[in-house]
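J.:
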Amino acid sequence: GGVFNYTSLLLSKEDNMLYVGARETLLALNLNESIFACFQLTWSTPEKKRDECSFKGKDLKTDCFNYIKILLRVNATHLYVCGTYAFSPICAYIHTGNFSLVRAETGEIVTEDGRSRCPFNPEYKSTAIIADGELYAGTVSNFQGNEPIIYKSLGQGSALKTENSLNWLQDPAFVGSAYIQESLPVGNPVGDDDKIYFFFSEAGKEFDFFDNTIVSRIARVCKGDKGGERVLQKKWTTFLKAQLLCSLPDDGFPFNIIQDMFVLTPSKEDWKNTVFYGVFTSQWYKGASGSSAVCSFTMDQVERAFTGRYREVNRETQQWYTYNHPVPEPRPGACVTNAVRSAGISSSLHMPDKVLNFVKDHFLMDSVIRSQPLLLKRSVRYTQIAVHRVRAARRDYDVLFIGTDEGRLHKAINVNGKMHIIEELVLFPESQPVQHIELDTDKGLLYVSSFSGLVEVAVANCSNYQSCGECVLSRDPYCAWTGRQCADVRQAPAGRWVINNILLKMSISVYSTGASSCHVVIIPANSFKVLPCKVRSNLAERLWKYSKSAGQFVYPSPAGLVVVPRVDKEEAYECWSVEDGFQQLLANYCVRAEPRQESTTLIGHSRTPLVPREEAIILPGETRSGLLQTKTYWNELIVVCALLGFSLVVFSLFVVYRNRDHMKSMLKEGECPNMQQKKPRNTGKPTESLPLNGNTVPPSVSDHKGYQTKSFSESERRPLNLKESRVEISPTCPRPRVRLGSEIKDSIV
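The structure is reproduced here in structure tokens:
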């Protein structure tokens, strides 16, 4: 309670603890028991710092707190932690023994400047990793957030950073970093150096497009880099970057924005078989918005790109092109190897100036590291990924755990060259993005965090599969059928499995539940009922079976099967799940209609009647709807129709009442009223009507005894000569008539 914004996770196998960084709070969770907070540490921001943050224009309610962005183990006894500290980033040390911040003799917390290590803004994406006690961070170095940097610190040597003036980084969004010990095995003939890899997306300045193009990158530096002696002093001399491209095979549609990267290394010495699994989205839309893709890249692809040709930029036109000229020796941007040492160069401080000058302007590789999506999901936005390599059926399988922006977890596996989503889990009560995933391979557990929660999830839940068919068709490499149940292969002795999920060749054509009782459904006559059927597998299809005589009274729908039963006739309907030749009975209904039954009721159970051999098959769309209770609405329809008719009558009477005077004048047109008709009573301003020629009559307060004068400005059919106008009074009708030229028009008296 009271903990907000889980911003960092650290799974520590040294003490079997899970450390959590949140807003002004750190937690230590004991993994030996059920997950709970063993220790809680508060690292809050002083009010003075918060006031300064607010004075700089930041939101006091959201921005001006200490968000923990870096939480790493620096040695066996201490953690290194950095926070935004109300847009004034600082770093400190935590003693894991008592889970407290290290303090000086004066009692004050021992802190270090967090600039170039931790971002100012908690929303900014950054990454950090510790290798041999040295911190490598990808972040921004200023308050405005427009000076990106890859920074090395904490070590014995001088700090190193990227050169901002050379535009090595173009507004990057860092998503991860990795430390790969490429110097192993010890004593190998190459004698290469260990490397630090960074993964980010940035503006692709090499593309001359109208739209601002974003590209995904992989960058690397050598752990033994010490900077240059005269050129690139205290700057990276081994910084190189290349483009990662995850695109569709048919039209090349790119998923160009990397969201997360998981580096799967079989072992420290087997680093050459490293696989990079990335989650990508696109800045453009194709079909459905928010599509995501999972792509993988091999270490061999990465090495070929970093040992290939360079790109060069024309400083005047800012155009990039391939550099096809000879490059200086030793190779620019490469680590110091045994071959370089044999030439008398033992570190980057001894590199020739021409090599360092070359790498200043040739930091971008020409080769693009390409891949096609292993998994493509439309209308889903993936945010995080973790990969677990498991042994099943005499080979290794990579199981992918992918988090979405709605707080869901997809578990997927590659079977026979096709990705299959085994299951989807809803992790949080409310929809919120998955922020971090930590995988405990030893215990088979996942720790997943969002801004407001942290959950523990098992990598396998074999008990969910209740039959042999479900267990096998799940393709879950963690599970196998024992003959009685679906169980976890890691928790039982070897050789006890009857059917392995991966190697199984379907030998069962039909799996039946035996003599199953059917649900008796009684429906009122002249009404319908939706029979639901929930399919447990996303890859399965529904197959409805029923007698041929009932076929003309059924209709497929997304919610199930719509049936209209006949009176005093009971029909049987069976719903089967069909997948890879495997069939399983899911639902069984006995439906009949009764004339006086007003609502659908479930009366009881009976033995399943035999379905005739002549079957009609319908494969409606997949559904997850529950049982729909259907009723007739005949009485409601009558009431609605009556109300509608009554409303129309009332509205008609209202219209007639509003226009009664106008209708009276229309009815009296052409008649001569009685001479002795009662004179209407004047009540203020007399009521006027339009003349029969359609011209507008100006208002008048006088009681006219002759004809009403016309306004020439309001009539286009006025007489051209006033003398042509005269008054005639009909002897049969005392109403004066105005003669306008050759026409006679009625005036208003």
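In the numbering used here, the protein residues as written are 63 to 811. Where a beta carbon is used, it is the ideal one built from N, C-alpha and C, also for glycine. Treat the numbers as computed from the prediction; the structure is a model and nothing was measured.
Quick check on this structure: which residue in 412, 278, 544, 120 has the alpha carbon closest to the alpha carbon of residue 236?
T.: Walking along the sequence shown from the start, residue 236 turns up at place 174. If we check each option's Cα against that of residue 236, 278 comes out closest.
J.: Is the separation between the beta-carbon of residue 410 and that of residue 289 shorter than 8 Å?
T.: As a first step, residue 410 is located in the sequence shown; it is residue number 348 there, counting from the start. As a first step, residue 289 is located in the sequence shown; it is residue number 227 there, counting from the start. It is a contact, given that the beta carbons lie within the stated cut-off.
J.: Beta-carbon within less than 8 Å of residue 623's beta-carbon, same chain only, minus the 5 sequence neighbours each way: which residues are those?
T.: Stepping through the sequence shown from its first residue, residue 623 is reached at position 561. Closer than 8 Å at the Cβ level, and outside the excluded window around residue 623, lie 592, 593, 595, 606, 616, 617, 635, 637, 680, 682.
J.: Where does residue 483 fall in DSSP's three states?
T.: The residue given as residue 483 occupies position 421 in the sequence shown. Residue 483 falls in the strand class under three-state DSSP.
J.: What residue does the alpha helix (DSSP H) around residue 418 start on, and which one ends it?
T.: As a first step, residue 418 must be located in the sequence shown, where it is residue number 356. Start and end: 415 to 423.
J.: Quick one, are the C-beta atoms of residue 398 and residue 249 less than 8 Å apart?
T.: As a position in the sequence shown, residue 398 is number 336, starting the count at 1. As a position in the sequence shown, residue 249 is number 187, starting the count at 1. No, they are not a contact pair.
J.: Starting from the C-beta of residue 187, find all residues in its chain whose C-beta is less than 7 Å away, skip the five residues before and the five after it, and write them out in chain order.
T.: As a position in the sequence shown, residue 187 is number 125, starting the count at 1. Cβ neighbours of residue 187 beyond the five flanking positions: 235, 236, 237.
J.: Taking the alpha carbon of residue 36 as the point to measure from, which residue in 422, 242, 90 has its own alpha carbon closest?
T.: Outside the displayed span of the chain (63 to 811) sits residue 36, for which this structure offers no information.
J.: To test your reading of the DSSP string, which unbroken beta strand (DSSP E) runs of 3 or more residues are found completely within the stretch 392 to 476?
T.: Whole beta strand (DSSP E) segments, 3+ residues: 426 to 433, 437 to 439, 444 to 454, 457 to 466.
J.: Using alpha carbons as the reference points, say which of 269, 316, 164 lies closest to residue 354.
T.: For this step, residue 354 is matched to residue 292 along the sequence shown. Cα-wise, what sits closest to residue 354 is 316.
J.: In three-state DSSP terms, what is residue 314?
T.: Residue mapping note: residue 314 aligns to position 252 of the sequence shown, counting from 1. Three-state DSSP puts residue 314 in coil, outside helix and strand.
J.: Taking residue 589 as the reference, give the member of 68, 553, 626 with the closest Cα.
T.: Along the sequence shown, read from residue 1 onward, the residue named residue 589 stands at position 527. Checked all of 68, 553, 626; the closest Cα to residue 589 is 626.
J.: Which term fits residue 348, buried or exposed, when burial requires 16 or more other beta carbons within 10 angstroms of its beta carbon?
T.: Here residue 348 refers to the residue found at position 286 when the sequence shown is read from its first residue. Counting Cβ neighbours within 10 Å, residue 348 comes out exposed, since fewer than 16 surround it.
J.: Assign residue 469 to buried or exposed, taking buried as 16 or more other Cβ atoms, counted over all protein chains shown, within 10 Å of its Cβ.
T.: Position 407 of the sequence shown holds residue 469. Buried, because 16 or more other Cβ atoms sit within 10 Å of the Cβ of residue 469.
J.: Quick check on DSSP: helix, strand or coil for residue 635?
T.: As a first step, residue 635 is located in the sequence shown; it is residue number 573 there, counting from the start. The answer is strand: DSSP assigns residue 635 an E or B state.
J.: Could you check the C-alpha separation between residue 484 and residue 478 for me, to the nearest Å?
T.: Along the sequence shown, read from residue 1 onward, the residue named residue 484 stands at position 422. Along the sequence shown, read from residue 1 onward, the residue named residue 478 stands at position 416. Spanning the two alpha carbons is a distance of roughly 14 Å.
J.: Please state the DSSP three-state secondary structure of residue 619.
T.: In the sequence shown, counting from the first residue as 1, residue 619 sits at position 557. Of the three classes helix, strand and coil, the one that applies to residue 619 here is strand, per DSSP.
J.: According to DSSP, what are the bridge partners of residue 173?
T.: Stepping through the sequence shown from its first residue, residue 173 is reached at position 111. Answer is 154, bridged to residue 173.
J.: Sorted by chain position, which residues of the same chain lie with C-beta nearer than 8 Å to residue 541's C-beta, five sequence neighbours on each side aside?
T.: Numbered from 1 along the sequence shown, position 479 holds the residue referred to as residue 541. Taken in chain order, the residues that qualify are 522, 524, 527, 533, 548, 549, 550, 551, 563.
J.: To the nearest whole angstrom, what separates the beta carbons of residue 260 and residue 189, a pair I think is in contact under 8 Å?
T.: As a working note, residue 260 is residue 198 in the sequence shown. As a working note, residue 189 is residue 127 in the sequence shown. The Cβ separation is near 7 Å, so the contact holds.
J.: Take residue 433 as the anchor and find which of 284, 451, 587, 310 has the nearest alpha-carbon.
T.: Taking the sequence shown and counting its residues from 1, the one referred to as residue 433 is at position 371. The residue with the shortest Cα to Cα distance from residue 433 is 310.
J.: CB-CB under 7 Å to residue 481, same chain, minus the five flanking residues each way: which ones, in chain order?
T.: Taking the sequence shown and counting its residues from 1, one reaches residue 481 at position 419. Same-chain partners within the cutoff: 436, 437, 474.
J.: What's the call for residue 703, buried or exposed, on a 16-neighbour Cβ count within 10 Å?
T.: Mapped onto the sequence shown, residue 703 falls at position 641. Residue 703 comes out exposed.
J.: Going by other Cβ atoms of all chains shown within 10 Å of its Cβ, with 16 needed for buried, is residue 298 buried or exposed?
T.: Locating residue 298 in the sequence shown gives position 236, counting from the first residue. Burial call: buried.
J.: My understanding is that residue 306 touches residue 431, with C-beta atoms under 8 Å, so please give their C-beta distance in whole angstroms.
T.: In the sequence shown, counting from the first residue as 1, residue 306 sits at position 244. In the sequence shown, counting from the first residue as 1, residue 431 sits at position 369. Correct: roughly 5 Å between the Cβ atoms.
J.: Could you have a look at residue 598 and say whether DSSP puts it in helix, strand or coil?
T.: Numbered from 1 along the sequence shown, position 536 holds the residue referred to as residue 598. Three-state result, residue 598: coil.
J.: Between the Cα of residue 390 and those of 357, 424, 408, 359, spot the shortest distance and give me the residue it belongs to.
T.: Here the question's residue 390 lines up with position 328 in the sequence shown. Of the candidates 357, 424, 408, 359, the one whose C-alpha sits nearest the C-alpha of residue 390 is 424.
J.: Tell me the DSSP bridge mates of residue 517?
T.: The residue labelled residue 517 in the question sits at position 455 within the sequence shown. Note: residue 517 sits in a beta bridge opposite 510.
J.: If I follow the unbroken alpha helix (DSSP H) through residue 115, where does it start and stop?
T.: Start at 1 with the first residue of the sequence shown, and residue 115 comes out as number 53. Segment 109 to 117, the alpha helix (DSSP H) holding residue 115.
J.: What residues match up with residue 372 in a beta bridge as DSSP calls it?
T.: Against the sequence shown, residue 372 aligns to sequence position 310. Residue 372 pairs with 427.
J.: Are the CB atoms of residue 604 and residue 639 nearer to each other than 8 Å?
T.: For the purposes of this step, residue 604 is taken as residue 542 along the sequence shown, with counting starting at 1. For the purposes of this step, residue 639 is taken as residue 577 along the sequence shown, with counting starting at 1. For residue 604 and residue 639, yes; Cβs fall inside 8 Å.
J.: Does the beta-carbon of residue 497 have 16 or more other beta-carbons within 10 angstroms, so that it is buried, or is it exposed?
T.: As a working note, residue 497 is residue 435 in the sequence shown. Flag for residue 497 reads buried.
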